[in-house]
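Undergrad:
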Amino acid sequence: MSTIFKKFILYQNNSIIESNNRILCEIEEAGDVRITMLHKKELLEAGYEIPDNNMHEKETKLSSCNENELSVNVTNNIDEWSEESTRFVLDKYAEYLEVAGPMKKLKNKKMIRMNTNDLETFLNIQKTYIQCENRYKTILRRKCICIKNNSTSGSKRAKISYENEIKQIAAKDDSLEPEIIQSANNTEINVKRTTLLQKSKPKNNTTKSKLLETLIEIYKEKENKNKNDMKRK
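With numbering that gives the first Met the number 0 applied, the sequence shown covers 0 to 232.
1. Taking the straight line between their C-alpha atoms, what separation do you get for residue 125 and residue 15?
2. Specify, as a first and last residue, the run of the beta strand (DSSP E) that residue 23 falls within.
3. Taking only three categories from DSSP, how would you classify residue 140?
4. Output yes or no for whether 8 Å exceeds the beta carbon distance between residue 37 and residue 49.
5. If distances are taken between C-alpha atoms only, which option among 132, 157, 25 and 87 comes closest to residue 109?
6. Report back the beta-carbon spacing between residue 96 and residue 161 to the nearest angstrom; my notes put them in contact at under 8 Å.
7. Near residue 229, what residues of its chain come up, given a Cβ to Cβ distance below 8 Å and the 5 sequence neighbours on each side ignored?
8. State the Cα-Cα distance for the pair residue 113 and residue 29, rounded to the nearest angstrom.
9. Would you say residue 159 and residue 135 are within 8 Å of each other, going by their C-beta atoms?
10. Once the 5 residues before and after residue 156 are set aside, which same chain residues still bring their CB inside 7 Å of it?
11. Verify whether the separation of the beta carbon atoms of residue 2 and residue 26 is less than 8 Å.
12. Quick one: grab the DSSP three-state call for residue 159.
13. Please tell me whether residue 129 and residue 51 are closer than 8 Å, where the distance is taken between their beta carbons.
14. In its own chain, which residues sit with a C-beta less than 7 Å from the C-beta of residue 84, not counting the 5 before and 5 after it?
15. Would you mind reading off the limits of the alpha helix (DSSP H) that contains residue 40?
16. Measure the C-alpha to C-alpha separation of residue 146 and residue 20 and round it to an integer number of angstroms.
17. Could you compute how far the alpha carbon of residue 6 sits from the alpha carbon of residue 172?
18. Using 8 Å for Cβ pairs, my map puts residue 93 next to residue 167. What's the rounded Cβ distance?
19. Is it buried or exposed, residue 138, if we count other Cβ atoms within 10 angstroms and call 16 or more buried?
20. Just mark residue 120 as buried or exposed, buried being the case when its beta carbon has 16 or more other beta carbons within 10 Å.
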């Protein structure tokens, strides 16, 4: 029986209702809609973006702001991503990646922080570092889910969201390239992602077992030969 996720159940301040890493959600099973607690890890692995409660807690402390200012802050800070803001973040990430280079340490942390500043400067959208990072990871997770679905025989082809933007980033960042690249005519192994450590891996248990069996056979043959020699004497 398949379960379909419908939506998160939120408090009036748009924060999620959670307990012990489980979140209150509305789901549909066999045509029946009901409310239940789903594990946060399962939701993330399925590609769903979970609202950040820390952001809402911060907003409630802005008591010194007047009503209009508070309304603007709440609107700008709610973790809802439009297509425009998502494309902006991905485009900026690709732009900064070209300048910094894919081999720089802490490149993600530095560039995502720059993205948060650009969002506020150019689009007047306030997002935290965590929100931008989660959005970026969510896009990549959904891409992986679509690729897995499309490679499964009989599955309806799923469209990869922001595919062009992801390709621009992947062209500059080897860590996003798949280990196996498939096309209509052939399949190629991506050497950049292939680990060379496999050559130095210790022998597995099967190899050790075969070696032991060989030594036992040699020992048995030697014993039989000695017995035969003794009989002849």
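Glycine residues also receive a C-beta, built at the ideal position from the N, C-alpha and C atoms. This structure is a prediction, so every number in the text was calculated from the model and none was measured.
TA: Taking the coordinates as given:
1. What you label residue 125 is simply residue 126 of the sequence shown in a count that begins at 1. What you label residue 15 is simply residue 16 of the sequence shown in a count that begins at 1. Cα-Cα distance, rounded: 19 Å.
2. Taking the first residue of the sequence shown as 1, we reach residue 23 at position 24. Counting along the chain, the beta strand (DSSP E) containing residue 23 begins and ends at 21 to 28.
3. Here residue 140 is taken as the residue at index 141 of the sequence shown, counted from 1. Three-state DSSP puts residue 140 in a helix.
4. Position 38 of the sequence shown, counted from the start, is the residue given in the question as residue 37. Position 50 of the sequence shown, counted from the start, is the residue given in the question as residue 49. In this structure, residue 49 does not lie closer than 8 Å to residue 37 by Cβ.
5. As a working mapping, residue 109 is identified with position 110 in the sequence shown. Answer by Cα proximity: 132.
6. Start at 1 with the first residue of the sequence shown, and residue 96 comes out as number 97. Start at 1 with the first residue of the sequence shown, and residue 161 comes out as number 162. About 15 Å separates the two Cβ atoms, so there is no contact after all.
7. Your numbering for residue 229 matches position 230 in the sequence shown. Excluding residues within five positions, none has a Cβ falling inside 8 Å.
8. In the sequence shown, the residue the question calls residue 113 occupies position 114. In the sequence shown, the residue the question calls residue 29 occupies position 30. Straight-line Cα distance between these residues: approximately 45 Å.
9. The residue given as residue 159 occupies position 160 in the sequence shown. The residue given as residue 135 occupies position 136 in the sequence shown. Cβ distance not < 8 Å, so residue 159 and residue 135 don't count as in contact.
10. On the sequence shown, residue 156 is found 157 positions in, with the first residue counted as 1. So the qualifying residues of the chain are 149.
11. Within the sequence shown, the letter at position 3 stands for residue 2. Within the sequence shown, the letter at position 27 stands for residue 26. Going by beta carbons, residue 2 and residue 26 fall inside the 8 Å limit.
12. Along the sequence shown, one-based indexing puts residue 159 at 160. Coil at residue 159, not helix or strand.
13. Mapped onto the sequence shown, residue 129 falls at position 130. Mapped onto the sequence shown, residue 51 falls at position 52. A contact, by the Cβ cut-off of 8 Å.
14. One-based indexing of the sequence shown puts residue 84 at position 85. Within the same chain, residue 84 has close Cβ partners 118, 122 and 124.
15. Reading the sequence shown from its first residue, position 41 is the one you call residue 40. It spans 39 to 44 - the alpha helix (DSSP H) in which residue 40 sits, taken as one unbroken run.
16. Along the sequence shown, read from residue 1 onward, the residue named residue 146 stands at position 147. Along the sequence shown, read from residue 1 onward, the residue named residue 20 stands at position 21. Approximately 28 Å, taken between the alpha carbons.
17. Along the sequence shown, read from residue 1 onward, the residue named residue 6 stands at position 7. Along the sequence shown, read from residue 1 onward, the residue named residue 172 stands at position 173. Spanning the two alpha carbons is a distance of roughly 34 Å.
18. Looking up residue 93 in the sequence shown gives position 94. Looking up residue 167 in the sequence shown gives position 168. With a Cβ gap of about 4 Å, residue 93 and residue 167 count as contacting.
19. By one-based count along the sequence shown, residue 138 stands at place 139. Per the 10 Å Cβ criterion, buried.
20. The residue you call residue 120 lines up with position 121 of the sequence shown. With fewer than 16 other Cβ atoms within 10 Å, it is exposed.
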